[in-house]
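J.: Just passing along the structure, written as structure tokens.
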Amino acid sequence: DQQVKQNSPSLSVQEGRISILNCDYTNSMFDYFLWYKKYPAEGPTFLISISSIKDKNEDGRFTVFLNKSAKHLSLHIVPSQPGDSAVYFCAASARNNAGNMLTFGGGTRLMVKP
Amino acid sequence: DAGVIQSPRHEVTEMGQEVTLRCKPISGHDYLFWYRQTMMRGLELLIYFNNNVPIDDSGMPEDRFSAKMPNASFSTLKIQPSEPRDSAVYFCASTQMRTGLHGYTFGSGTRLTVV
Chain A
786 DQQVKQNSPS LSVQEGRISI LNCDYTNSMF DYFLWYKKYP AEGPTFLISI SSIKDKNEDG
846 RFTVFLNKSA KHLSLHIVPS QPGDSAVYFC AASARNNAGN MLTFGGGTRL MVKP
Chain B
75 DAGVIQSPRH EVTEMGQEVT LRCKPISGHD YLFWYRQTMM RGLELLIYFN NNVPIDDSGM
135 PEDRFSAKMP NASFSTLKIQ PSEPRDSAVY FCASTQMRTG LHGYTFGSGT RLTVV
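If you read the protein sequences in the order shown, they are chains A and B. Numbering of the first sequence is given in our numbering, commencing with residue 786 and proceeding in unit increments. Numbering of the second sequence is given in our numbering, commencing with residue 75 and proceeding in unit increments.
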């Protein structure tokens with residue numbers, strides 16, 4: 786059973802518009818959430834994170850929103866740029882567990898059209 | 075630091091052959107993870123080590139898969155015998171849990187094709 790789900794395998798957005806990537810989780814023990822970005826032929830790289838004590842974290846064009854009651858988080862990219870085209874993975878962790886294990890979603894491929 | 079280093083970058087092998095993937099984690103990191111990426115399942119955790127000791131290998135798909143970490147700077151993932159369904163990109167990642175708030179550092183992956 787997937788504990789972290791990204792239900793949209795792909796998303797296409799026009800340059801300059803907002804990209805919204807969604808992620809749902811089922812494990813109520815998760816208390817730390819991350820987004821990774823992956824370009825072709827490269828490994829995933831850390832993008833932004835949020836702790837469960839917050840509902841929003843912003844870093845430049847990237848903002849992550851967390852809705853604990855709905856067990857849902859989203860990544861907003863504004864404005865979207867062609868260089869943002871990549872696969873985005875959502876990940877979650879229960880930091881009281883040994884190893885800070887990350888559970889990943891299946892990924893969403895974002896395509897930003899010029 | 076050169077980051078997590080994986081080799082080879084690409085591997086093409088015939089069904090039935092043995093395949094060995096290699097990983098050098100970041101120095102000082104005490105956790106090492108092996109992941110497999112496929113279109114259907116995204117990033118799957120295969121196995122992870124803490125201080126060179128395998129902790130959880132429940133993600134290893136079959137007995138054909140094995141992993142070792144003989145020291146803090148080297149790990150291998152072996153598939154023997156390989157099958158076409160093993161074709162995927164295999165990632166190694168490492169982290170230091172005390173400061174692991176930003177998660178893992180991934181290598182560039184090994185793209186395995188079994189024909």
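Backbone N, C-alpha and C define an ideal beta-carbon position, used for all residues, glycine too. Since we're looking at a predicted model, the values are computed, not measured.
1) Grab the span of the beta strand (DSSP E) containing B:N124 for me, first residue to last.
2) The beta strand (DSSP E) with B:R185 in it runs from where to where?
3) Given a cut-off of 7 Å, decide if A:S804 and A:I862 are closer than it, judged by their beta-carbon atoms.
4) Does B:D160 pass the burial test, meaning 16 or more other C-beta atoms within 10 Å, or should it be called exposed?
5) What residue from B:L120, B:I129 and B:V127 has the CA that sits closest to B:G136's CA?
6) Measure the C-alpha to C-alpha separation of B:W108 and B:L151 and round it to an integer number of angstroms.
7) Look at B:Q170 and B:G102 and say whether their C-beta atoms are less than 7 Å apart.
8) Using CA atoms only, rank isn't needed, just tell me which of B:G177, B:I100, B:E157 and B:N124 is closest to B:G77.
9) Helix, strand or coil for B:R159? Go by DSSP, reduced to three states.
10) By the DSSP assignment, the beta strand (DSSP E) with A:N812 in it spans what residues?
11) I want to verify the contact list: residues of chain B whose CB lies under 7 Å from the CB of A:P829, in sequence order.
12) Check the Cβ of B:G183 against every Cβ in chain A and list those closer than 8 Å, keeping chain order.
13) Compile a chain-ordered list of the residues in the segment 862–896 of chain A whose CB is closer than 7 Å to at least one CB of chain B.
T.: In terms of the structure at hand:
1) Counted from its first residue, the second sequence places residue 124 of chain B at position 50. Looking at the DSSP string, the run of the beta strand (DSSP E) that includes B:N124 is G116 to N124.
2) In the second sequence, counting from the first residue as 1, residue 185 of chain B sits at position 111. Note, B:R185: beta strand (DSSP E), T184 to V188.
3) Translated into positions along the first sequence, residue 862 of chain A becomes position 77. Translated into positions along the first sequence, residue 804 of chain A becomes position 19. Yes, Cβ-Cβ distance for A:I862 and A:S804 is below 7 Å.
4) Residue 160 of chain B sits at position 86 when you count from the first residue of the second sequence. Buried is the call here.
5) In the second sequence, counting from the first residue as 1, residue 136 of chain B sits at position 62. Reading the sequence as shown, one finds Glu at residue 136 of chain B and not Gly. The candidate whose alpha carbon is nearest that of B:E136 is B:L120.
6) Here residue 108 of chain B is taken as the residue at index 34 of the second sequence, counted from 1. Here residue 151 of chain B is taken as the residue at index 77 of the second sequence, counted from 1. When rounded, the distance between both Cα atoms is 8 Å.
7) By 1-based counting over the second sequence, the position of residue 170 of chain B is 96. By 1-based counting over the second sequence, the position of residue 102 of chain B is 28. Closer than 7 Å, so yes.
8) What you label residue 77 of chain B is simply residue 3 of the second sequence in a count that begins at 1. Selection B:G177, B:I100, B:E157 and B:N124 evaluated against B:G77 yields B:I100 as nearest (Cα-Cα).
9) Within the second sequence, the letter at position 85 stands for residue 159 of chain B. Helix.
10) Counted from its first residue, the first sequence places residue 812 of chain A at position 27. Unbroken run through A:N812: none, as it is neither H nor E.
11) Position 44 of the first sequence holds residue 829 of chain A. Chain B residues near A:P829: F180.
12) What you label residue 183 of chain B is simply residue 109 of the second sequence in a count that begins at 1. Per Cβ cutoff of 8 Å: A826, E827 and G828.
13) Going along the segment 862–896 of chain A in chain order, one finds F874, A876, G884, N885, L887, F889, G890, G891 and G892 with a Cβ nearer than 7 Å to chain B.
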